[in-house]
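What follows is a short report on a single structure.
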Amino acid sequence: MIWAVGLGAGVLLALLGLGESPAVAAPAPTQLPAITVTIHLGTKAGDLRFQPDHLVFEAGQRYQLVLDNPSPQKHYFTAKDFADALWSQKVEAGGVEVKGAIHELELKPGAVAEWVFIPQKSGLYELHCSIPGHAEAGMVGQIEVKDPA
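Reminder that position 111 of the sequence shown reads as 115 in our numbering, one-by-one numbering, no gaps.
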């Protein structure tokens, strides 16, 4: 009889959801803290290069990429395949917020833009400035997306 009461109480607790830890919902991707990474497009002296020229991200992690153009000329951050392999939350620049697919960003001299995204697919992606002559002069780089650790 004691066994039946104990079993009945256990069944009742299970049915009521008591005696177990409540499930905790995972935060939405947009609520994950963003890791800030900065890249410079060119230099104050006018050198045609990305600094750094190799970026590393982890798939599934939220990032805020700060793009800064300290140079006296405009530059493009062009990485179409990388852009196709991520979820882009937004780009902010000059008081404007842009949403949707991003394949290329133009930064005029002195401009700063912030791109918030979550890489979805691991791989090695090409980065270049698409202004004629800039890539040939060395304004190229790589973006690496690693699988989650």
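Virtual Cβ for every residue (Gly too), placed ideally from N, Cα, C. Predicted model, so just to flag it, every value in this text is computed and none were measured.
Taking the beta carbon of residue i as the centre, do at least 16 other beta carbons fall within 10 Å, making it buried, or is it exposed?
| i | result |
| --- | --- |
| Pro123 | buried |
| Leu109 | buried |
| Leu45 | buried |
| Leu90 | buried |
| Leu19 | No answer about Leu19 holds up, because its pLDDT of 46 lies below 50 and its placement is not dependable. |
Excluding the five sequence neighbours on either side, which residues of its own chain have a C-beta within less than 8 Å of the C-beta of residue i, listed in chain order?
| i | result |
| --- | --- |
| Glu62 | Pro123, Val149, Lys150, Asp151, Pro152, Ala153 |
| Thr47 | Arg53, Gln55, Pro74, Ser75 |
Based on Cα-Cα distance, which residue from the options lies nearest to residue i?
| i | options | result |
| --- | --- | --- |
| Asn73 | Gln55, Asp88, Asp85, Phe86 | Gln55 |
| Thr34 | Val144, Gln65, Lys84, Ala139 | Gln65 |
| Leu131 | Asp57, Phe121, Leu111 | Asp57 |
| Asp51 | Ala139, Ile147, Gln146 | Ala139 |
| Pro136 | Lys78, Gly145, Gly104 | Lys78 |
Going by beta-carbon coordinates alone, are residue i and residue j separated by less than 7 Å?
| i | j | result |
| --- | --- | --- |
| Ser134 | Thr82 | yes |
| Val60 | Thr42 | no |
Quick one: Cα of residue i to Cα of residue j, how far?
| i | j | result |
| --- | --- | --- |
| Glu118 | Glu96 | 5 Å |
| Lys112 | Val100 | 15 Å |
| Met143 | Lys84 | 16 Å |
| Gln93 | Tyr80 | 20 Å |
| Gly98 | Gly104 | 17 Å |
| Leu128 | Thr40 | 20 Å |
| Gly145 | Leu36 | 27 Å |
| Ala32 | Ala49 | 42 Å |
Leaving out the 5 sequence neighbours to the left and right, which residues in its chain are closer than 6 Å to residue i when beta-carbon positions are compared?
| i | result |
| --- | --- |
| Ala115 | Asn73 |
| Ala87 | Ile106, His107 |
Tell me which residues share the same chain as residue i and place their Cβ nearer than 7 Å to its Cβ, disregarding the 5 neighbours each side in the sequence.
| i | result |
| --- | --- |
| Ala38 | Arg66, Tyr67, Gln68, Val120 |
| Ala141 | Leu52 |
| Val102 | Lys94, Val95 |
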